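One structure is given here, and the rest of the page talks about it.
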Amino acid sequence: MLRKKSSTSSITFKTLIGEGTVLEGDIKCNGALRIDGTVNGNINSENDIFLGENAHVKGNLYGDSIYVSGKVEGNIYSKSSIHLFSTANIQGDIEAFSIVTDEGAIFNGKCSILTSDKEKFNGKKLQKNNIQNEANV
916 MLRKKSSTSS
926 ITFKTLIGEG
936 TVLEGDIKCN
946 GALRIDGTVN
956 GNINSENDIF
966 LGENAHVKGN
976 LYGDSIYVSG
986 KVEGNIYSKS
996 SIHLFSTANI
1006 QGDIEAFSIV
1016 TDEGAIFNGK
1026 CSILTSDKEK
1036 FNGKKLQKNN
1046 IQNEANV
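Counting along the sequence shown from 1, when you hit position 3 you're at 918 in the numbering used here, and nothing is skipped either side.
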């Protein structure tokens, strides 16, 4: 396991896809996930998702809190919050309870702020069937 320490918390990444790695297919994981490489498929995490500056995802992301510094060609659905850092490039829609966008981030899509659990993911569930049917980017 890898740890990333900040002044306020310690995060343990259970899964790491390193820079230069290309993964073809969907990912489903329970722990925090960090991606610095390329994923051509959908990502479903019961925990947080972190995309580094060199990350490139062609597919949808489903997770708790989602932090993006890289490129996403697909939709992002968060059970909590989405943070788009200054190097983020999003080509797709996003849904979350809160969204933070740093100056310089690129976002081309529709943004939906959720206000209740009923609205969460427009009724979508974090299941493999929905991931496969959601968007074939």
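Backbone N, C-alpha and C define an ideal beta-carbon position, used for all residues, glycine too. None of these values were measured; they are calculated from a predicted model.
It is roughly 23 Å from the alpha-carbon of Ile991 to the alpha-carbon of Gly935.
In this structure, DSSP gives Ser1027 an extended state, which the three-state scheme calls strand. According to DSSP, residue pairing for Ala1011 in a beta bridge involves Ile1028.
Classified as buried, Val983 has 16 or more neighbouring CB atoms from the shown chains inside 10 Å of its CB.
When the alpha-carbon of Gly967 is set against those of Gly956, Leu999, Asn959, the nearest one is in Leu999. Within its own chain, the residues whose Cβ lies closer than 7 Å to the Cβ of Ser1001, once the five positions on either side in sequence are excluded, are Asp1017, Glu1018, Gly1019, Ala1020, listed in chain order. Taking 8 Å as the cut-off, the Cβ atoms of Ile1028 and Ile1014 count as close. In the three-state DSSP reduction, Ala1020 falls in the coil class, being neither helix nor strand.
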